[in-house]
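Protein chains: 2
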Amino acid sequence: MATRERRPERRQEPLSRERIVGAAVELLDTAGERGLTFRALAERLATGPGAIYWHVTGKAELLAAATDAVIAPAVAPADAEATPEQAIRTLALGIFDALDTHPWVGPQLTLTERHSPLLRVFEGIGRQVQALGVPESARFTAASALMSYILGVAGQNAAGSRSVPPGTDRAAHLGAVADSWAELDPGHYPFTREVAGQLRVHDDEAEFLAGVDLILGGIAAGLR
Amino acid sequence: MATRERRPERRQEPLSRERIVGAAVELLDTAGERGLTFRALAERLATGPGAIYWHVTGKAELLAAATDAVIAPAVAPADAEATPEQAIRTLALGIFDALDTHPWVGPQLTLTERHSPLLRVFEGIGRQVQALGVPESARFTAASALMSYILGVAGQNAAGSRSVPPGTDRAAHLGAVADSWAELDPGHYPFTREVAGQLRVHDDEAEFLAGVDLILGGIAAGLR
DNA sequence: ACCTGAACACCGTTCAAGT
DNA sequence: ACCTGAACACCGTTCAAGT
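Those protein sequences? They're chains A and B, same order as listed.
If you read the first sequence in the working numbering, its first letter stands for residue 99, the second for the next number, and so on.
If you read the second sequence in the working numbering, its first letter stands for residue 99, the second for the next number, and so on.
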């Protein structure tokens, strides 16, 4: 009577690099960085841990591939209609969102890595910096500053959500931090106390874009 | 004849949280993040791994303590003579240097951690932002942007030097990356190719400060 | 109160053996 | 060519036992 239940739920596709990376991203998203295990991955793919090594050299490459899979779609080509400023905001927001949904990516990103997925981002920002009319000698600095800022925010956001049990309410967490800021010693932390309220109500994305605009303002000021 | 050689080289100080954290920092600096092991640490301290747990709850706290030990001295109180801009540059440079000598700190830093060593940095920046004459409603944004930028650069630098065998010549590594940039497909990466030369010769610290000045310029522009 | 070090429950990675 | 899964050399952490 239970004999027929053994049939697999769905036909087993062959193992492939693509499936492995996809499963790795899922695992990282749901279980966090510590959740990505060759054993857990193997179980999800209904195979043994050794099989994965046929398609991927090791954990480092797996993480790099997962990072790439998540960043690449975030970098859409610029809308031809957009102003350089708008194009930069769109690009920045793309990475911001990607790192927001996948908090584990942040630490993986390095621009100096030889085939970094950030190269596309840097290129995109650089072109718009050029379109803004920044002279050649100042372009590298301007593009780097924008990149660094974006990665800094994303990294902080990611670190913040990593330090919290996955699925915790973001607003609640922010509120708790704001509370602790409001309770700081006024003698040592007058400024931080003062802005605790702004931390509590602030909109991550709007705050992020305000920072981008601050840098764009500095770039524009340099052109005058 | 060999009997007397067994005397310990130096008198063994008692184990303490301070000694443990100090040894952890040394281990992290010399052997990298993967080098920090309870066994390696125990060996350095001439004890068993279990002994460490009497003074420290676990690896997470150990890393946090090591991070704090490295960041705290980098945040000196502002020179009373300095302009707000200068004070911000000094502060920024302090963290930059700390993260540069200790590349493993970057990923540990989160502002939203309840007792983050970054709180002091944020407070310091915030005060100077206030001194610049930024209106209250814009201070949080300005201070956050500066913080994020600083952490972004530091994180990138750290990630860069982490991806390289410890002790490798920095200039050589930068040169190699610049070479690979210069060889990029001109159709897809015209901007990055163009600035490859600037990456090769650029001065990390000067570039970093130029970015700080860009944000300060944006803040100043907002005041006009 | 503080330290010891064996033991437990994990890891990433390898590899002989299978198909 | 691709997969299996036991085995190896590690981890962080615990804990009975010592001083």
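For glycine and all other residues, C-beta sits at the position ideal for the given N, C-alpha and C.
is_contact[residue i, chain B] using C-beta, thresh 8 Å
i, result
"residue 313 of chain A", "yes"
"residue 184 of chain A", "no"
"residue 293 of chain A", "yes"
"residue 303 of chain A", "no"
"residue 317 of chain A", "yes"
"residue 175 of chain A", "no"
"residue 268 of chain A", "no"
"residue 336 of chain A", "The structure shown does not extend to residue 336 of chain A, since chain A is modelled only from 99 to 322, so the question has no answer here."
"residue 187 of chain A", "no"
"residue 225 of chain A", "yes"
"residue 243 of chain A", "yes"
"residue 285 of chain A", "no"
"residue 156 of chain A", "no"
"residue 320 of chain A", "yes"
"residue 240 of chain A", "yes"
Residue i to residue j span [Cα, whole Å]
i, j, result
"residue 279 of chain B", "residue 172 of chain B", "34 Å"
"residue 313 of chain B", "residue 310 of chain A", "9 Å"
"residue 238 of chain A", "residue 209 of chain A", "13 Å"
"residue 130 of chain B", "residue 122 of chain B", "10 Å"
"residue 261 of chain B", "residue 249 of chain B", "18 Å"
"residue 189 of chain A", "residue 316 of chain A", "19 Å"
"residue 101 of chain B", "residue 144 of chain B", "Caution applies to residue 101 of chain B, whose pLDDT of 37 falls short of 50 and renders its modelled position unreliable; the value that the coordinates give is listed next. So the alpha carbons of these two residues sit roughly 21 Å apart."
"residue 207 of chain A", "residue 223 of chain B", "26 Å"
"residue 141 of chain B", "residue 256 of chain B", "27 Å"
"residue 60 of chain B", "residue 168 of chain B", "Residue numbering for chain B in the displayed model covers 99 to 322; residue 60 of chain B lies beyond these limits and cannot be assessed."
"residue 288 of chain B", "residue 133 of chain A", "39 Å"
"residue 193 of chain B", "residue 174 of chain B", "10 Å"
"residue 294 of chain A", "residue 211 of chain A", "37 Å"
"residue 241 of chain A", "residue 163 of chain B", "35 Å"
Interface flag, residue i vs chain A, CB-CB below 8 Å
i, result
"residue 275 of chain B", "yes"
"residue 308 of chain B", "yes"
"residue 201 of chain B", "no"
"residue 231 of chain B", "no"
"residue 237 of chain B", "yes"
"residue 147 of chain B", "no"
"residue 248 of chain B", "yes"
"residue 144 of chain B", "no"
"residue 196 of chain B", "no"
"residue 205 of chain B", "yes"
Which of helix, strand or coil DSSP assigns to residue i
i, result
"residue 247 of chain A", "helix"
"residue 111 of chain B", "coil"
"residue 144 of chain A", "coil"
"residue 208 of chain A", "coil"
"residue 182 of chain A", "helix"
"residue 279 of chain A", "helix"
"residue 253 of chain A", "helix"
"residue 309 of chain A", "helix"
"residue 214 of chain A", "coil"
"residue 322 of chain A", "coil"
"residue 288 of chain A", "helix"
"residue 100 of chain A", "The predicted model places residue 100 of chain A with a pLDDT of 39, which falls under 50 and marks its position as unreliable; any figure quoted below should be read in that light. DSSP places residue 100 of chain A in coil when its eight states are reduced to three."
"residue 197 of chain A", "helix"
"residue 300 of chain B", "coil"
"residue 105 of chain B", "Low per-residue confidence applies at residue 105 of chain B: pLDDT is 36, beneath 50, and the placement is therefore not dependable enough to give any value."
"residue 191 of chain B", "helix"
"residue 271 of chain B", "helix"
Pick from the options that is closest to residue i, judged by C-alpha positions
i, options, result
"residue 165 of chain A", "A/149, A/185 and A/204", "A/204"
"residue 300 of chain A", "A/180, A/114, A/273 and A/130", "A/273"
"residue 259 of chain B", "B/235, B/211, B/212 and B/201", "B/201"
"residue 292 of chain A", "B/139, B/285, B/227 and B/111", "B/227"
"residue 170 of chain B", "B/213, B/266, B/186 and B/316", "B/213"
"residue 161 of chain B", "B/112, B/146, B/139 and B/148", "B/139"
"residue 302 of chain A", "B/184, B/254 and B/246", "B/246"
"residue 271 of chain A", "A/124, A/120, A/252 and A/298", "A/298"
"residue 244 of chain A", "B/186, B/306 and B/236", "B/306"
"residue 115 of chain B", "B/229, B/152 and B/127", "B/152"
"residue 218 of chain A", "A/231, A/230, A/251 and A/176", "A/176"
"residue 320 of chain B", "B/235, B/124 and B/267", "B/235"
"residue 231 of chain B", "B/150, B/220 and B/318", "B/318"
"residue 286 of chain A", "B/194, B/113, B/225 and B/180", "B/225"
"residue 149 of chain A", "A/119, A/199 and A/113", "A/113"
"residue 308 of chain B", "B/281, B/283 and B/186", "B/186"
"residue 253 of chain B", "B/197, B/240 and B/266", "B/197"
"residue 181 of chain B", "B/229, B/159 and B/282", "B/229"
Contact test: residue i Cβ vs the ligand ADP heavy atom, cutoff 7 Å
i, result
"residue 242 of chain A", "This structure lacks the ligand ADP; in fact it carries no ligand of any kind."
Exercise for the section: Determine which residues of the stretch 209 to 221 of chain A have a Cβ less than 7 Å from any Cβ of chain B, and write them out in chain order. Expected result: 209, 210, 211, 212, 217, 220 and 221
Problem - Residues of the stretch 251 to 264 of chain B whose Cβ lies closer than 7 Å to any Cβ of chain A, in chain order - result: Flagged, chain order: 251, 253, 254, 257, 258 and 261.
Practice task
Using a Cβ-Cβ cut-off of less than 7 Å, give me the residues of the stretch 115 to 138 of chain A that come near chain B, in sequence order.
Solution key: none
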